[in-house]
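Below is one structure; the comments refer to it alone.
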Amino acid sequence: VALPAYQDYTIRARVTEGLAVASDAKTQIGTNSATVAELAATAATWNAQAGGAGASSKYVTSVQIDAVTGEIAVLYNAANVGSIGAANRLNLKPYVNAGGAPVALDASYAAGVTGSIDWGCASASNAVSASADRGLTTPVGTLLAKYAPGECR
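Numbering (the numbering used here), first residue to last: 2 to 154.
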């Protein structure tokens, strides 16, 4: 019983690195993407880094920004992370918080909504980000929720 629990713990620790690698992408969106054109330029510049991977590490194959929605896809290196197989994607989605219901970043441009950016995170589940207190409809990834950080389950 102890060995499988330790293996799960090790995988979760390696997966957490993906959020650290993605943090700079989140910062770039928050500071350089006030318009649709700026978001597209930020995504193009970011995604061209690291040989087209955006950002990578021992456990992260790529961190890519969607030029239209600002969503960040974190793809893990399954061989280095361990027993995750093809279920290797975590999604981060930006929402503008203007005091009311959160508005997806891409929709906020057309609606003229401004405010701080809040991030939804989803593995194969988006229950935490979709909860009543957050209200974020983050698209699910493929990473099993048991390996994801708490805010991404």
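Even for Gly, the Cβ is constructed at its ideal location relative to N, Cα and C.
Asked                                                                                                          : Found
Helix, strand or coil at Thr11 according to DSSP, with G and I counted as helix                                : helix
Thr115 to Val97 span [Cα, whole Å]                                                                             : 7 Å
Ser109, buried or exposed, once every other Cβ within 10 Å from all chains shown has been counted against 16   : buried
CA-to-CA distance, Ile85 to Ala79, given in whole angstroms                                                    : 6 Å
Residue burial classification, Val75 (beta-carbon count within 10 angstroms, cutoff 16)                        : buried
Collapsed DSSP secondary structure at Gly86 in the structure displayed                                         : coil
Residue-level contact to chain D via CB, Arg13, 9 Å cutoff                                                     : The question asks about chain D, but that chain is absent: this structure has only one protein chain.
Residues sharing a beta bridge with Asn92, DSSP                                                                : Ala74, Ala123
Ala102 classed as buried or exposed, judged by whether at least 16 other C-beta atoms fall within 10 angstroms : exposed
Exposed unless 16 or more other CB atoms sit within 10 angstroms - verdict on Asn81                            : exposed
Proximity of Arg90 and Gly142 at Cβ, strictly below 9 Å                                                        : yes
Residue closest to Gln29, alpha-carbon to alpha-carbon, out of Glu72, Tyr60, Thr62, Ala131                     : Glu72
Residues bridged to Val61 [DSSP beta-bridge criterion]                                                         : Tyr77
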